[in-house]
Amino acid sequence: MWGRVSLKAFGGGPGAGGGGGGGGGGGPPGGASQYGPGPIQLSRIAGVMAHEKARTTSFAFPSLQGQGQGMGGIRREFKDTPAVLGVALPSDPLLAGNFISKDPMDVGVQCGPLTSLHTMNTDRAELVNGGMNHTEGGWPKDINPNELDHTARFRKKIEKDETFLRAIKDLGHSTIHCIRQNNAVDIYEEYFLDLETEGMPSAWVVNVFRDPTAAVAATGKRTVCKISWSPDRSHKLAAAYASIQFQGNTPELPMNSFIWDVGKSSRLFFLRAEGGKNPIQPDLRLEPKSHLVSLEYNPRDGNLLLGGQFKGQLGVWDVRRGSAAVEMTPMDRSHKDPVYSALWIHSKSSVECFSASTDGQVLWWDIRRLSEPLESLILDLRKGGVMEMEKALGASCLEYEPTMPTRFMVGTEQGLRSLCPGKNEGRGTHGNSGTLLLIS
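Quick look at the structure:
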């Protein structure tokens with residue numbers, strides 16, 4: 001496809017015309033100008049790309065034509081002229097088949113420095129962690145380590161020595177340095193991998209101890225409120241029976257509690273009585289004045305039992321002297337509500353005990369003189385002021401740690417745990433959302 005541009009300029013001036021000369025307007029197109037004898041024509045041919053369907057397309061640039069007296073200093077007038085087709089070249093299909101389309105090509109350039117990686121496996125050092133707990137040191141020949149009195153006197157003698165104090169102070173720096181080290185212990189390490197397992201632990205019912213009272217056997221209204229094991233390896237346990245329902249302890253309901261011999265039950269387990277009855281009978285029947293709601297063996301004397309009753313009294317039983325209680329607290333000096341927890345105090349004589357009730361009191365007793373309590377504690381947990389029975393919280397359980405003879409825990413019906421150090425010396429309180437039935 002070709003185009004053409006044509007520019008025609010006609011000179012003119014004073015005297016220009018058909019034969020030249022004369023002033024005025026420009027001469028005719030055929031006249032000669034001062035620049036030449038005839039018209040000046042400029043042609044320009046431009047090539048364009050052929051259409052993909054080999055169709056011929058024409059494009060022409062308009063030619064400009066002006067008239068005047070000359071090229072310099074005189075106004076020219078231009079006008080459009082029709083386009084003139086000069087050359088038309090259709091596309092050649094044969095040549096189009098030689099065209100090769102070049103696919104895009106990706107080129108990567110690395111601007112960073114080249115590095116290399118090398119790995120190697122070295123010999124590993126096998127490490128073993130070990131520890132030792134040395135609790136008992138060396139003693140002189142005249143000191144018997146098994147005698148507590150001898151070792152205690154020797155310790156006091158050494159601790160008073162000035163060289164001992166200086167040595168402890170000097171060793172303190174080394175001890176702190178060792179403590180600050182990043183020491184770790186594998187708490188999941190298994191030390192007995194070579195032992196053969198004996199199977200999963202299992203349990204089964206050896207015997208069921210039922211309430212032997214005939215009236216209760218038919219109705220089933222009594223509940224086992226407390227169980228206490230004998231401390232003298234006699235395989236005996238004492239069980240306190242009562243009804244925990246509101247106003248459930250009616251006069252016609254039996255008030256007896258029982259002591260069972262577990263060793264006898266294991267020997268008679270395979271025996272069957274006529275009619276399918278249980279051949280095992282209780283070893284002793286306890287006969288309180290009201291239903292027992294707590295029962296505890298003496299930790300030093302397996303013949304003594306301490307029992308808290310539903311009407312607030314506290315009783316002591318000696319199994320060598322029969323079913324009746326040998327000592328009983330008077331009604332006016334006892335609790336006003338059921339004694340839900342009663343414990344022995346661990347001492348050399350083992351004759352002191354204390355009890356807790358929902359009336360808001362903790363009472364200390366001496367079984368040699370149960371006419372009145374040794375001391376009392378009102379569970380009024382408010383800070384400051386005088387403790388009042390109206391503000392006291394009902395105690396539902398007690399717990400006593402023998403290694404801390406001056407502290408005990410009291411659980412209340414409101415869900416509070418009260419830590420009482422000593423006899424009425426102070427209390428610390430912690431809370432729960434419900435009634436505490438047991439503290440261990």
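If you're matching positions, the sequence shown starts at 1 in full-length UniProt numbering and goes up one per residue.
The beta-carbon is built from N, C-alpha and C at its ideal position, and this holds for glycine as well.
Distance, residue j Cα to residue i Cα
i: residue 456; j: Leu363; result: Residue coverage of the chain in this structure runs from 1 to 440, which leaves residue 456 outside it and unanswerable.
i: Met387; j: Pro373; result: 18 Å
i: Leu377; j: Pro405; result: 16 Å
i: Val316; j: Gly199; result: 45 Å
i: residue 458; j: Asp232; result: An answer regarding residue 458 cannot be provided, because it is not within the stretch 1 to 440 covered by the chain.
i: Val319; j: Val205; result: 28 Å
i: Ile227; j: Ala242; result: 12 Å
i: Gln41; j: Glu77; result: A caution first: Gln41 carries a pLDDT of 40, below 50, which makes its placement in the model unreliable, though a value can still be read off. The straight-line gap from Cα to Cα measures roughly 16 Å.
i: Leu127; j: Thr151; result: 39 Å
i: Cys111; j: Met105; result: 19 Å
i: Arg368; j: Ser334; result: 16 Å
i: Lys264; j: Arg285; result: 16 Å
i: Ser290; j: Met255; result: 6 Å
i: Leu304; j: Gln361; result: 24 Å
i: Ile280; j: Leu314; result: 29 Å
i: Pro282; j: Arg222; result: 16 Å
i: Thr119; j: Asp170; result: 49 Å
i: Lys383; j: Arg417; result: 15 Å
i: Lys156; j: Arg407; result: 27 Å
i: Glu147; j: Glu190; result: 36 Å
i: Thr412; j: Tyr340; result: 11 Å
i: Ser116; j: Leu195; result: 51 Å
i: Trp139; j: Pro145; result: 7 Å
i: Ile100; j: Asp80; result: 43 Å
i: residue 453; j: Lys102; result: As displayed, the chain neither begins before 1 nor continues past 440, which places residue 453 out of reach and without an answer.
i: Pro338; j: Lys141; result: 58 Å
i: Gly75; j: Gly97; result: At residue 75 the sequence reads Arg, which differs from the Gly that was named. Approximately 54 Å between the Cα atoms of the pair.
i: Trp365; j: Ala342; result: 10 Å
i: Asp161; j: Pro402; result: 33 Å
Own chain, CB closer than 8 Å to residue i, minus 5 neighbours either side, in chain order
i: Phe270; result: Its pLDDT being 45, under 50, Phe270 is placed unreliably in this model, and the coordinates cannot settle the point.
i: Phe164; result: Ile158
i: Asp186; result: Asn129
i: Ser234; result: Asp261, Gly263 and Gly302
i: Leu237; result: Ile227, Ser228, Trp229, Ser230, Ile259, Trp260 and Val262
Three-state secondary structure (DSSP) of residue i
i: residue 457; result: Only positions 1 to 440 of the chain appear in the structure, and residue 457 is not among them; the question remains open.
i: Gly415; result: coil
i: Lys264; result: helix
i: Phe164; result: helix
i: Asp170; result: helix
i: Glu399; result: strand
i: Thr223; result: strand
i: Ala152; result: helix
i: Ile74; result: coil
i: Cys420; result: strand
i: Ile187; result: coil
i: Thr213; result: coil
i: Ile244; result: coil
i: Glu390; result: helix
i: Pro259; result: With the sequence shown as reference, residue 259 is identified as Ile, and Pro is not the correct amino acid for it. Ile259: strand per DSSP, three-state reduction.
i: Glu147; result: coil
i: Lys79; result: coil
i: Glu196; result: coil
i: Glu159; result: helix
i: Gln41; result: Caution applies to Gln41, whose pLDDT of 40 falls short of 50 and renders its modelled position unreliable; the value that the coordinates give is listed next. It is a strand residue.
Close beta carbons around residue i, own chain, < 7 Å, minus the five adjacent residues each side
i: Trp344; result: Glu296, Asn298, Pro299, Leu306, Ser350 and Cys353
i: Ser323; result: Leu284, Arg285, Leu286 and Glu287
i: Ala325; result: Pro288, Gly315, Val316 and Trp317
Close-in-space but distant-in-sequence residues of the same chain around residue i (CB under 6 Å, 5 per side omitted)
i: Pro93; result: none
i: Phe209; result: Trp260
i: Phe154; result: Ile143
i: Leu370; result: Glu327 and Thr329
i: residue 451; result: Summary: the structure shown does not reach residue 451, with the chain confined to residues 1 through 440, and so no result is reported for it.
i: Ala392; result: Gly360, Ile378, Leu379 and Asp380
i: Cys225; result: Ala240, Ala242 and Val293
i: Ile244; result: Thr223
i: Gln414; result: Leu393
Residue i CB to nearest heavy atom of the ligand PLP below 7 Å
i: Met409; result: Ligands are entirely absent from the displayed structure, and the ligand PLP is therefore not among its contents.
Could you tell me which whole beta strand (DSSP E) segments of length 3 or greater appear in the segment 327 to 371? 341 to 344, 352 to 356 and 361 to 366
For the pair the segment 325 to 336 and the segment 347 to 354, tell me if three or more CB-CB distances fall below 8 Å. no
Count the CB pairs spanning the segment 353 to 367 and the segment 392 to 411 that are closer than 8 Å, and state whether there are at least three. yes
Which residue spans inside the segment 270 to 325 form an unbroken beta strand (DSSP E) run of at least 3? Within the segment 270 to 325, the complete beta strand (DSSP E) runs of at least 3 residues are 284 to 286, 292 to 297, 304 to 309 and 314 to 318.
Tell me the start and end of each unbroken alpha helix (DSSP H) in the segment 83 to 127 that is at least 4 residues and wholly inside, in chain order. 93 to 97
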